[in-house]
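Chains as they are written, first to last, in my numbering: chain D, 1 to 221; chain Y, 222 to 367.
C-beta atoms are modelled at their ideal positions from N, C-alpha and C, and glycine is treated no differently.
Owing to the predicted nature of the structure, the values given are computational and were not obtained by experimental measurement.
Reading through the structure tokens given below for one structure.
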Amino acid sequence: MKYDWDTIGEDGLHFFGTVSASISHEIKNVLAILNENAGLMEDLVSMAEKGISLNNERLKSIAVSMKKQIQRGDLIAKNMNRFAHSVDDFLITVDVSETLELVVSLSGRSADMRGVRLNPQYIPRKICISTHPFFLETLLWRCLNVAITFSGKEKTVGIMIEEMGKGARVSFSGLNNLSALLPDEFPSKRENALRDALCADIGMDVTCGQIWVNLPEKIGA
Amino acid sequence: MKARILIVDDEQEFVLALSERLTIRDYDVTTSFSGDDAIEKVSHYSFDVVILDVLMPVRDGIEVLREIKRIKPLTEVIMLTGNATVETAIEGMKLGANDYLMKPCETEELVRKLDSAFKKKTEHEERIWAARAKEIISSPRTALKH
Numbered sequence: 001m002k003y004d005w006d007t008i009g010e011d012g013l014h015f016f017g018t019v020s021a022s023i024s025h026e027i028k029n030v031l032a033i034l035n036e037n038a039g040l041m042e043d044l045v046s047m048a049e050k051g052i053s054l055n056n057e058r059l060k061s062i063a064v065s066m067k068k069q070i071q072r073g074d075l076i077a078k079n080m081n082r083f084a085h086s087v088d089d090f091l092i093t094v095d096v097s098e099t100l101e102l103v104v105s106l107s108g109r110s111a112d113m114r115g116v117r118l119n120p121q122y123i124p125r126k127i128c129i130s131t132h133p134f135f136l137e138t139l140l141w142r143c144l145n146v147a148i149t150f151s152g153k154e155k156t157v158g159i160m161i162e163e164m165g166k167g168a169r170v171s172f173s174g175l176n177n178l179s180a181l182l183p184d185e186f187p188s189k190r191e192n193a194l195r196d197a198l199c200a201d202i203g204m205d206v207t208c209g210q211i212w213v214n215l216p217e218k219i220g221a
Numbered sequence: 222m223k224a225r226i227l228i229v230d231d232e233q234e235f236v237l238a239l240s241e242r243l244t245i246r247d248y249d250v251t252t253s254f255s256g257d258d259a260i261e262k263v264s265h266y267s268f269d270v271v272i273l274d275v276l277m278p279v280r281d282g283i284e285v286l287r288e289i290k291r292i293k294p295l296t297e298v299i300m301l302t303g304n305a306t307v308e309t310a311i312e313g314m315k316l317g318a319n320d321y322l323m324k325p326c327e328t329e330e331l332v333r334k335l336d337s338a339f340k341k342k343t344e345h346e347e348r349i350w351a352a353r354a355k356e357i358i359s360s361p362r363t364a365l366k367h
């Protein structure tokens, strides 16, 4: 395998920064909802102290809403933690399904912002490969970003993972606007640098509206 | 007179909780969960102040602000922002937004900014009416124009 460290490094930093900013924004939203709900409970208690009767059902619904946001915040923190730990080991065995699931979660807000629905189909069994986990996440994220951008009028991206020999294929479908891609826009220098580092293959079918990444069982295999 | 407030944010639970809190404080509150819906409501109804989230799906806060200022230029707008979007909120102020607030925000600060924006709008409208009245008095025929 070969490493274009300059491109991979710059791209990795961009990926890290974008995802971190998105996570922090989501956490802010969770805190804002908790803040308003806590304030609302304070308001209702103040009103009760002035003689206006407390609505128990209303209090219950506020508590339910707060619990829901805490669960949401917990999931965001879990994903952030998994993302942070993806740089612990340079080369390790990973479950591609799990990695894809993480990348899809991290990209959720970006898809929402562009009005695109992500439709992943995960498989119940593991597909394990020996690879660079952070580079794999970066490449999948880049491909998903292109898929979201060129999803076309239907604004839906299908995401699939399947076994390819002893490796894996991750594909993104429903990309009806792929014909609008400029030459060298995808795969660009950035995707190609990651492809080379992962000994992967990147493919695209404009007619079928699909892009895919083939990953080997082992780097150097 | 109750200030007429429109809260615009894609986070529904945030909007509903804030709406209830402002209603308790005697504001006349309407809610909207998207930029398109907000623009539709501003076109058909009069609001004194719009509390507008910067980062929303499909149509962001800046785009919505531009439309509000085009349709109802006297409507005051307060931008709501997270950490990374403070610069965008400031850009909004250059485009005519009255002020901005960081999420999560202190209620007292929000109320202060709401009241200040409402006061500014009311005073501006009074100046317009006064100018119009002066115009009609000085030249009664102009009343026929309006």
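Scanning the region 128 to 196 of chain D for uninterrupted beta strand (DSSP E) segments of 3 residues or longer gives 128 to 131, 156 to 164 and 167 to 173, listed from N- to C-terminal end. The bridge partners DSSP lists for glycine 203(D) are Trp212(D). Exclusion of the five residues before and after phenylalanine 150(D) leaves Leu175, Asn177, Leu178, Ala180 and Leu181 as the residues of its chain whose Cβ lies within less than 7 Å of its Cβ.
Close to alanine 238(Y), with beta-carbon spacing below 8 Å, are these residues of chain D in chain order: Ile33, Glu36, Asn37, Gly39, Leu40, Ile62 and Ser65. In this structure, the beta-carbon distance from tryptophan 141(D) to phenylalanine 16(D) does not fall below 8 Å. When C-beta distances to chain D are compared with 7 Å, the residues of the region 265 to 288 of chain Y below that value are Leu276, Pro278 and Val279, in chain order.
Straight-line spacing of the CA atoms in glycine 108(D) and leucine 54(D) works out to 38 Å.
Remark: three or more beta-carbon pairs, one from each stretch, lie closer than 8 Å, so the region 95 to 103 of chain D and the region 160 to 168 of chain D are flagged as touching.
Under DSSP, serine 253(Y) takes part in a beta bridge, and its partners are Val229(Y). From the beta-carbon of glycine 303(Y), the residues of chain D found nearer than 8 Å are Ser24, His25, Lys28 and Asn29. For aspartate 112(D), the closest Cβ of chain Y is nearer than 8 Å.
Partner residues in a beta bridge of valine 103(D), as assigned by DSSP, do not exist. One finds Pro278 and Val279 in chain Y with Cβ atoms closer than 7 Å to the Cβ of glycine 115(D), taken in chain order. In this structure the region 192 to 201 of chain D does not touch the region 260 to 280 of chain Y; the number of beta carbon pairs closer than 8 Å is below three. Against chain D, the beta carbon of glutamate 232(Y) has neighbours under 8 Å at Asn29, Ala32 and Ile33, listed in chain order. Leaving aside the five residues that flank isoleucine 27(D) on each side, the residues in its chain whose CB is nearer than 7 Å to its CB run, in chain order, Gly73 and Ile76.
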